[in-house]
């Protein structure tokens, strides 16, 4: 009886270990966001916007979810399906202004890191996660972001953020 219980425990431990290993192996192709600590600020990025390929996610310039600054380092690039390119400084400034206007969800500056921790750019948003998938050494794919929260009037803010339960 004790021997059977010991065998069951051993099989369970091995199964959990193999499951964790498989899960970690699948995550190796994904990047991450890290808080942009240091000298870089959103004001610096807006001022030097021409040094980046700039994109935004959201419904329109006056209703953005995020603004992304893709560096031009070493030919690295960020691809996406739905991010909209920005070609004027006034539009970059307007996007940041609208993100800052949402006092219920203050925006933060994030570093975009590829699968091996390589720096690809910055993202300014109130979101703290986005899907970042490695394509090759110099290319990542950036997933879309949900729509911004909507203000339905006094005391009626509709939160469109995914719930914590949805993140599993």
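In my numbering, the protein residues as written are 20 to 187. All C-beta atoms, glycine included, are put in the ideal place defined by N, C-alpha and C. Small disclaimer: the values here were computed from a predicted structure and weren't measured.
Would you tell me roughly how many angstroms separate the C-alpha atoms of residue i and residue j, rounded to the nearest one?
{"i": "residue 94", "j": "residue 82", "result": "31 Å"}
{"i": "residue 145", "j": "residue 124", "result": "6 Å"}
{"i": "residue 164", "j": "residue 76", "result": "7 Å"}
{"i": "residue 167", "j": "residue 109", "result": "21 Å"}
With DSSP collapsed to three states, give me the class of residue i.
{"i": "residue 55", "result": "coil"}
{"i": "residue 121", "result": "coil"}
Report the option in the options whose CA atom is closest to the CA atom of residue i.
{"i": "residue 116", "options": "139, 138 and 143", "result": "143"}
{"i": "residue 53", "options": "105, 119 and 130", "result": "130"}
{"i": "residue 78", "options": "158, 103 and 156", "result": "103"}
Would residue i pass as a contact of residue j if the rule is Cβ separation under 8 Å?
{"i": "residue 70", "j": "residue 91", "result": "yes"}
{"i": "residue 86", "j": "residue 114", "result": "yes"}
{"i": "residue 161", "j": "residue 99", "result": "yes"}
{"i": "residue 126", "j": "residue 132", "result": "no"}
Note down, in chain order, each residue of its chain lying with its Cβ closer than 7 Å to the Cβ of residue i, except the 5 sequence neighbours on either side.
{"i": "residue 88", "result": "64, 71, 73, 140 and 141"}
{"i": "residue 61", "result": "115, 128 and 143"}
{"i": "residue 55", "result": "128, 129, 130 and 141"}
{"i": "residue 134", "result": "47, 48, 49, 50 and 153"}
Tell me which residues share the same chain as residue i and place their Cβ nearer than 6 Å to its Cβ, disregarding the 5 neighbours each side in the sequence.
{"i": "residue 111", "result": "65, 68, 73 and 105"}
{"i": "residue 96", "result": "158"}
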